[in-house]
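Protein chains in written order, with this note's numbering: chain A, 35 to 101; chain B, 30 to 201. Built from N, CA and C at the ideal position, the CB exists for glycine as well. The structure under discussion appears below in the form of structure tokens.
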């Protein structure tokens, strides 16, 4: 499942995938894979992304169950 | 010591020094967590491919024609090269072959240089006469064809990956 919340939070901070990747010390392709839903990051990387984007884990990574 | 042995030893020394220098990497030049996971998968696939190749070659060795016409060392090196090729292609296609901030173009240059050197060696052997030694496929001349093919495939995959990742970056 695509992580559109991450993509929009990144866009709101006016960061490219490359810039976010540099700040989180990962490759651009890893950020791209997370946004596309191709890769589930570890909790450490989730926290690093949240800190850079100024969001909580819930805001970026929590998946609501559909009723 | 003849000229070929001297060149081989010099090339090995240069390679060892280059590996020692390149192994000292900064923190930001390491593989990230996704890349490490992909590389672990690639190692597993490559390892089992090598086992499969060795098994296939054991069957080939029971075939008299193969034993009479192909050197054992050539067959074993072919198994290793198949495993390396699978590992490299898997890593390149999954963006896990290069560390962060590493330039794939320099590796492409190295691959093309390896292809060029091996093709030159093959042409030299063809100029001398035959690629076969006593009617057998041996490592010395035919191994060059093996190396040239392997690195040519890696170079093509790399080139495609460089071009496609450029268009991906433009989309972002």
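Test: residue i CB closer than 7 Å to a CB of chain A
{"i": "residue 73 of chain B", "result": "no"}
{"i": "residue 70 of chain B", "result": "no"}
{"i": "residue 62 of chain B", "result": "yes"}
{"i": "residue 124 of chain B", "result": "yes"}
{"i": "residue 14 of chain B", "result": "With chain B running from 30 to 201 in the structure shown, residue 14 of chain B is simply not present."}
Simplified DSSP assignment, three categories, for residue i
{"i": "residue 36 of chain A", "result": "coil"}
{"i": "residue 85 of chain A", "result": "helix"}
{"i": "residue 47 of chain A", "result": "coil"}
{"i": "residue 165 of chain B", "result": "strand"}
{"i": "residue 60 of chain A", "result": "coil"}
{"i": "residue 72 of chain A", "result": "coil"}
{"i": "residue 90 of chain A", "result": "coil"}
{"i": "residue 149 of chain B", "result": "helix"}
{"i": "residue 139 of chain B", "result": "helix"}
{"i": "residue 52 of chain A", "result": "helix"}
{"i": "residue 180 of chain B", "result": "helix"}
{"i": "residue 125 of chain B", "result": "coil"}
{"i": "residue 158 of chain B", "result": "coil"}
{"i": "residue 34 of chain B", "result": "helix"}
{"i": "residue 78 of chain A", "result": "helix"}
{"i": "residue 132 of chain B", "result": "coil"}
Neighbour flag for residue i against chain B, beta carbons, 7 Å
{"i": "residue 63 of chain A", "result": "yes"}
{"i": "residue 90 of chain A", "result": "no"}
{"i": "residue 86 of chain A", "result": "no"}
### Query
Would you call the region 48 to 66 of chain A and the region 74 to 92 of chain A touching, i.e. three or more CB-CB distances under 8 Å?
These segments touch.
### Task
Taking 8 Å as the threshold, find out whether the region 135 to 147 of chain B comes into contact with the region 182 to 195 of chain B through three or more Cβ pairs.
yes
### Message
Taking contact to mean 3 or more Cβ pairs, one atom from each stretch, closer than 8 Å, check whether the region 95 to 103 of chain B and the region 43 to 51 of chain B are in contact.
### Response
no
### Query
Looking at C-beta atoms only, is the number of pairs between the region 140 to 148 of chain B and the region 70 to 79 of chain A that lie closer than 8 Å three or more?
no
### Task
Kindly provide the ranges of any alpha helix (DSSP H) runs that are 4 or more residues long and lie completely inside the region 53 to 118 of chain B, ordered along the chain.
Runs of the alpha helix (DSSP H) inside the region 53 to 118 of chain B: 62 to 90 and 93 to 98.
### Task
Mind the definition here: the region 114 to 123 of chain B touches the region 159 to 172 of chain B only if three or more C-beta pairs lie below 8 Å; say whether that holds.
no
### Task
Please name the residues in the region 41 to 52 of chain A whose beta-carbon is closer than 9 Å to at least one beta-carbon of chain B, in chain order.
50, 51 and 52
### Query
Is the region 148 to 156 of chain B touching the region 71 to 79 of chain B in the sense that three or more CB pairs, one from each, lie closer than 8 Å?
no
### Task
Give a yes or no on contact between the region 56 to 75 of chain B and the region 83 to 92 of chain B, applying the rule of three or more CB pairs nearer than 8 Å.
no
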